[in-house]
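One structure below.
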Amino acid sequence: EDQVTQSPEALRLQEGESSSLNCSYTVSGLRGLFWYRQDPGKGPEFLFTLYSAGEEKEKERLKATLTKKESFLHITAPKPEDSATYLCAVRENTDKLIFGTGTRLQVFP
Amino acid sequence: GAVVSQHPSWVICKSGTSVKIECRSLDFQATTMFWYRQFPKQSLMLMATSNEGSKATYEQGVEKDKFLINHASLTLSTLTVTSAHPEDSSFYICSVGTGMSNQPQHFGDGTRLSIL
């Protein structure tokens, strides 16, 4: 059965304290792994798409990487405005997205 | 990416009421839209795939007679929760698919539905 698991469930960081979020997946026929940011009461906001092992994408303080079994979202020197829930999703052969349960990140000044 | 507008943002109504939620693709003609449901501190669960001009495809366990989906134009899909009950209270989110496998889905800001 296709599955996406994110860890940790919650993460508290001091401003400037770098860390990584993990997304492990098992899916037949991966057609893309997506990272989204979701603020409370809002819909997910697209961050990155990764397609093949070894691929990396960067945007400001965020960097996403992909292996054959997992993806990492690295946050360098986070700021309070980076506080949000980060969702990982994989697209399978049927074009559907399967979401993980997310990592709730809190960054304190 | 596609700009998606969802309305209303939140709605509170009595048990037994039917509620309609609109999802509009503002800058893209979407042949496919998706409807998700999200319970507190849980992930997004796909309910159905809305196809313009044809019947929606529902996920296993989702009652098609309770969650009516209409996708009559390339810019509008609606989800109607019929005879809503408290257990239907949730956050409903729509997304637009571009139909291209290398493009992400773009999401609306969701509708918070509370049934009393």
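Chains as they are written, first to last, in my numbering: chain H, 1 to 109; chain P, 1001 to 1116.
Backbone N, C-alpha and C fix where the C-beta goes; we use that ideal spot for every residue, glycine too.
From a predicted model like this one, the values you see are computed outputs, not experimental measurements.
| Item | Value |
| --- | --- |
| Residues in the stretch 41 to 70 of chain H with C-beta within 8 Å of chain P's C-beta atoms, listed in sequence order? | G41, K42, G43, P44, E45, F46, T49 and Y51 |
| So R31/H is in the beta strand (DSSP E); what residue range does that whole segment cover? | Run containing R31/H: none; DSSP gives neither H nor E here. |
| Answer yes or no: does any C-beta atom of chain P fall closer than 8 Å to that of G102/H? | yes |
| Work out the CA separation of S1077/P and R1024/P for me, nearest whole Å. | 7 Å |
| Which of the three DSSP states, helix, strand or coil, is assigned to E81/H? | helix |
| Using 8 Å as the limit for Cβ to Cβ distance, is F1107/P near chain H? | yes |
| Report yes if the C-beta distance between G1110/P and Q1006/P is below 8 Å; otherwise report no. | yes |
| Within 8 Å (strictly less), CB to CB, does L105/H reach chain P? | no |
| I'd like to check one pair, I75/H with S24/H: are the Cβ atoms closer than 8 Å? | no |
| So, does the CB of L11/H fall closer than 8 Å to a CB anywhere in chain P? | no |
| So, for T1017/P: in the same chain, excluding its five sequence neighbours on each side, which residues have a beta-carbon less than 8 Å away from its beta-carbon? | S1083, A1084 and I1115 |
| Which residues in the same chain have their Cβ closer than 6 Å to the Cβ of G16/H, if we skip the five residues on either side of it in sequence? | A77 |
| Under 8 Å between C-beta atoms, does P1104/P make it to chain H? | yes |
| Going by beta carbon distance, what residues of the same chain come within less than 6 Å of G32/H, once the five residues before and after it are set aside? | T49, Y51 and R91 |
| Going along chain P in order, which residues have a C-beta closer than 9 Å to the C-beta of L21/H? | Those do not exist, as L21/H stays about 14 Å from chain P at its closest Cβ, beyond 9 Å. |
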